[in-house]
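Notes to accompany the following structure.
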Amino acid sequence: MITLRINGQPYTVDAPEDMPLLWVLRDLLGLSGTKYACGIGRCGACAVHVDGKMAHSCTLPVGSVGKRAITTIEAIGATPNGAKVQQAWIDGEVAQCGYCQPGQIMSATALLNRTPHPSDADIDEAMNGHICRCGTYVRIRQAIKNAAKT
Amino acid sequence: MSSQARSKFAESDDYIRDLMQQARGLPACGAPLSPQRRALLKLAGAGLVLGFYLPHRAGADAETPQAAGKASKSPVINAFVRIAPDNTVTVYSKAPEIGQGIKTALGLIVAEELDADWKRTVVEQAPIDAKVYGYQGAGGSTTIPRAWDQLRLAGAAAKAMLIAAAAKEWKVNPAEITAEDSRLSHAASQRSATYGSLAEAAAQMPVPDLATLKLKTRGEYRLLERRHRGVDDPRIVRGQPLFGTDVRLPGMAYATFTKCPASGGKVKSANLDEIRKLPGVIDAFVIEGTGKPTEVMPGVAIIAKNTWAAFEAKDALKVAWDESAASKDSSSQFSARAREHAKTFPANFDSNVGDVDKAFANVSNHAGKIVEAWYEYPFVAHASMEPQNTTAWWHDGIMEMWVPTQQPDRGKTLVAGTLGLPEEQVVVHQTRVGGGFGRRLLNDYMCEAAVIARQVKGPVLLQWTREDDFVHDFFRPAGYHQLKGAVDKDGRLDAWQEHFVTFTADGRQPASGSGYSSTLAYACIAPNLRRALTLMELKTPVGPWRAPGSCAQFFAQQCFMHELALAAGRDHVEFLIDAVNRDVPELAPKNPQINFSPARATSVIKLCAEKAGWGKKLPKSRGLGLAWCYAHAGHVAQAVELSVDADKRITIHRVVVAADIGLVVDVAGAESQAQGACVDALSVAMAQQIQLENGRVRQRNYNAYPILRLPVAPSVIEAYFVDSGFPPTGMGEPALPAMAPAVANAIFAATGERLRAMPFNQFGYTLAGQASAL
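For the record, the sequence lines run as chains Z and A. In this text, residue positions in the first sequence follow our numbering: the first is 2, and each later residue adds one. In this text, residue positions in the second sequence follow our numbering: the first is -5, and each later residue adds one.
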């Protein structure tokens, strides 16, 4: 049995230590907002926060999480920057298919948490781990800037 | 060839061809919008369906079971509209949402005619029932033009029933009642009521004769032709369950399916006993399949308690494959063979206008110029973000399924056929789709899930891995074009000869998506024109990829047009406008469904050139390139301004899109599609290719298949829409084909190097970070 702290709640799950956090969230806990897309940490669809920092949950063994606090897309809106980013995404009509956007939002929020007024270079660096197959990048960049202004 | 001799692979390809043909079907959209009722009814034409009841369990048809609320009991006005007492209007969107923004657009069309308060309108996915809704697929950028009349009539009919109910209650003339924001008013008696308060009575009113309905004119629109937010965006940004892969049902299992890495291989044996003993594994078994890639190919299913256990077991699975009939395709050999074929122009022409030989001879004798070039492009994958998946549950004699598909009605038929069930026993729920791009017109993964679910107790989610998704794609076919063109002494396009070397699945006709694009011809009006095809046998599945045919063929055509313009010493834009306005009656479209118009083409080219600052002086190493296309009923021109440094790193300063897609339903959505198509096309042009060796796909995940990322994506993509007064057509595809040639033409302008093959990284070009361009 593994004890986790996710979105401020304690959870106990029966999972092997090497099961990636992604599948614990999706299949064992029903938190399906965090997405599977590549399974090798190359596309960012599975991004979560571990102690406030972006992490790829698809390659993060659940046994290695320990007491660190996990935040997922389902709860990021309860943080001030998470709420700002989500609203900027809605106002900026960012999403197309929307599948990658939870991950993009997690990274954008982590960026604003450490850099409240990011430059274009900061945005490039923070968002480079993500793929949006629909190509919504113009609006993602703008939405991050708009969120930083609010 | 007799039908018995036709291979399963060829039959599978026939199915895709038919699917694409159906997806392309368009109502006539070449007549301008008319305020005249008579003209509208004529447009509505045959095949109009307007259901007046909602099929099964409406309200419980949210994308996923856990997102479904309680079935609403509010009155159903018709199959597209229900209105609750609290004045919430629910509009049902009949087509799959794949990222093209259709749920918002279809909702807006109904709400406009209904005069609904958009702020209190909810758009939900309609149940899948072709008898009620008609065609429910999403492909070919045809959803809006197909549904335009149907949805406007649905909205207008619902409004007429509300008005009839109010007129009866108020004892006034219905013609004196006005509607706005989900409220009816009668000025003379100063009465007013919400739709919600009238809905119960309205639902009892007789269904109006559709021919008596008065539809709004453009000047009366309050919602259309404006910017709107996506109706699902609040749920998307909060990670709520919307997608196929998000479906969760009590007691469900998770499955993987492993097929031969070379298409057509069969299972000889597998270590099933070992697999069944692995932790979390429930069962493992061989499926023989139907032998068609469009249905179920042979493979091994693993059923487990969670996805991770299924994936781990899949890694441990050892299958001995019988590859005697499997694909041995090699992409490098195709390219070499195509060059050999191109040495001889085939004796059988696909089309022949004027006298090409005479034109070439004349040019040599006079002051004209002849240009010859070889263009090629590789196979590419769809690589949508959500890997293929389906949840299927065999219970009570029903196969109930939740599917992220672009083609739910065809999928339902296919599953019924695969299982040998009557169609009524297959129930399909349409989920949101994490990227379509044409891949999900195919329903192979849906058929697999159905076959697996027949052998599993309880619901089961079949989840493909990313690697499965790459290996078992229906690729955008590679293509090879030997081109020869002539410009006359006046610098006009005089002759065009094209030898297209492409693929066949049956040895007789081009494989699906491999023939000449049907709309390509209109962008190339040469008085002397000859086209021929050579077909190479292919055993790897290919199929529709965003703007099938056009997505790659315009690269060859529009780059070669630029080459000809330069050879003629003419301005590229002038040359293009001259070429599209040539009067060659043999090349004019005969089919009234084709809305191609030289005037509309000219206007988008001119607008694009003007907005891009065509003709302005640019610094050294900076170039402006332009191209245009007619695709999926849209006329689109694109211009790209970029610079190239000494290390061949490209900085894209600006992309301009000028499009004529008729009336723009949702401006924000249409602009999104323009931007997305530019990024998609650039991504493909720069670095994407699928290589086949011995029938096997080499690129199996995103680490080997570089999809454009934010730092190198253009920061400025402007979209302009021409107000041409035509009815709306789709925007999912038309802005894709002209982007790659516009980039290549800009690279030529900047460097003098002509890129005649995609991807461009083979010539050493890469994209520089765009932050420097801001």
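The beta-carbon is built from N, C-alpha and C at its ideal position, and this holds for glycine as well.
Closest Cβ-Cβ distance between Z:N129 and chain A: below 7 Å?
By this cut-off, Z:N129 is an interface position.
Looking only at C-alpha atoms, which of A:V651, A:Q685, A:E687 and A:I684 sits nearest to A:C672?
For the residues A:V651, A:Q685, A:E687 and A:I684, the minimum Cα distance to A:C672 belongs to A:V651.
Beta carbons nearer than 8 Å to chain Z: which residues of the segment 363 to 394 of chain A have them?
Within the segment 363 to 394 of chain A, the qualifying residues are A377, S378, M379, E380 and P381.
Compare the C-beta of Z:Q97 against all C-beta atoms of chain A and say whether one is closer than 7 Å.
At least one chain A Cβ lies under 7 Å of Z:Q97.
For A:E268, verify whether its CB is less than 6 Å away from any heavy atom of the ligand MN.
Within the structure as shown, the ligand MN is missing, as the structure has no ligands at all.
What is the rounded straight-line gap between the Cα of A:T252 and the Cα of A:M395?
The straight-line gap from Cα to Cα measures roughly 21 Å.
Under the three-state reduction of DSSP, which class applies to A:W112: helix, strand or coil?
In this structure, A:W112 counts as helix in the three-state DSSP scheme.
Have a look at A:K642 and A:G758 and give me their C-alpha separation to the nearest angstrom.
Going from the Cα of A:K642 to the Cα of A:G758 covers about 6 Å.
Counting only the same chain and skipping the five closest in sequence on each side, list residues whose C-beta sits under 6 Å from that of A:G411.
Counting only Cβ-Cβ distances below 6 Å, and skipping sequence neighbours, we find nothing.
Residues bridged to Z:K54 by DSSP?
According to DSSP, Z:K54 bridges with Z:V51.
Please decide whether A:P235 counts as near chain Z, where near means a Cβ-Cβ distance under 7 Å.
Cβ-Cβ to chain Z under 7 Å: yes for A:P235.
I'd like to know if Z:Y12 contacts chain A, where contact means its C-beta is closer than 7 Å to some C-beta of that chain.
Cβ-Cβ to chain A under 7 Å: no for Z:Y12.
Can you give, in chain order, each stretch of the beta strand (DSSP E) that sits fully within the segment 50 to 125 of chain Z and has at least 3 residues?
Listed in chain order, the complete beta strand (DSSP E) runs (minimum 3 residues) inside the segment 50 to 125 of chain Z are 54 to 57 and 70 to 72.
Since A:G432 and A:G663 should fall inside the 8 Å C-beta cutoff, what is the C-beta to C-beta distance between them, to a whole number of angstroms?
Going by Cβ atoms, the distance from A:G432 to A:G663 rounds to 19 Å, so no, they are not a contact pair.
With a Cβ-Cβ cutoff of 7 Å, do A:I296 and A:K312 count as a contact?
It is not a contact, given that the beta carbons lie outside the stated cut-off.
Note down, in chain order, each residue of its chain lying with its Cβ closer than 6 Å to the Cβ of Z:Q102, except the 5 sequence neighbours on either side.
Here the set comprises A96.
Taking the alpha carbon of A:Q769 as the reference point, which residue from A:A193, A:D227, A:A743 and A:Y696 has its own alpha carbon closest?
In the structure as shown, chain A begins at -5 and stops at 768. Residue 769 of chain A is therefore absent and cannot be evaluated.
Starting from Z:L29, find everything on chain A with Cβ-Cβ shorter than 7 Å and list it in chain order.
In chain order: N300.
Starting from A:C545, trace the alpha helix (DSSP H) both ways and give me its first and last residue.
From DSSP, the alpha helix (DSSP H) with A:C545 extends over S544 to A561.
Among the residues of its own chain, which have a CB less than 7 Å from the CB of Z:V15, if the five just before and after it don't count?
At residue 15 of chain Z the sequence reads Asp, which differs from the Val that was named. M2.
Can you tell me the Cα-Cα spacing of Z:I141 and Z:D121, whole angstroms?
Using only the alpha carbons, I get a separation of about 12 Å.
With distances taken from CA atoms, which of Z:C98, Z:Y100, Z:A84 and Z:R134 is nearest Z:I145?
When each option's Cα is compared against that of Z:I145, the closest is Z:A84.
Can you pull the DSSP bridge partners for A:K253?
Answer is A:G293, bridged to A:K253.
What residue from A:A606, A:D111 and A:R212 has the CA that sits closest to A:D80's CA?
The candidate whose alpha carbon is nearest that of A:D80 is A:D111.
So the candidates are A:R114, A:P90, A:E170 and A:E665; which of them puts its Cα closest to the Cα of A:K725?
Residue identity differs from the one stated: residue 725 of chain A is Met in this sequence, not Lys. Of A:R114, A:P90, A:E170 and A:E665, the residue nearest in Cα terms is A:E665.
Enumerate in chain order the residues of its own chain whose CB-to-CB distance from A:L523 is below 6 Å, with the five nearest sequence positions on each side excluded.
The residues are V347 and W490.
Taking the beta strand (DSSP E) that A:H389 belongs to, which residues open and close that run?
Here the beta strand (DSSP E) through A:H389 covers N383 to H389.
Tell me the rounded alpha-carbon separation between A:Y189 and A:G656.
Rounded to whole angstroms, A:Y189 to A:G656 spans 32 Å at the Cα level.
How many Å lie between Z:L112 and A:S135 at the Cα?
Using only the alpha carbons, I get a separation of about 37 Å.
Cα separation between A:Y369 and A:A375?
If you take the alpha carbons of A:Y369 and A:A375, they lie about 20 Å apart.
Would you mind telling me which residues of chain A sit closer than 8 Å to Z:I141, beta carbon to beta carbon, in chain order?
By Cβ distance, chain A contributes L704.
Check whether chain Z comes within 7 Å of A:E5, counting only Cβ atoms and requiring the distance to be less than that.
With 7 Å as the cut-off, A:E5 does not count as an interface residue toward chain Z.
Straight-line CA distance for A:P372 to A:K337?
Cα to Cα, A:P372 sits roughly 20 Å from A:K337.
Under 7 Å, do A:A480 and A:I364 count as touching if we go by C-beta distance?
Yes, Cβ-Cβ distance for A:A480 and A:I364 is below 7 Å.
Which one or two residues does DSSP pair with A:S263 in a beta bridge?
Paired residue(s): A:A314.
To which residues does DSSP link A:D500 through a beta bridge?
Looking at the DSSP assignment, A:D500 forms no beta bridge with any residue, so it has no partner.
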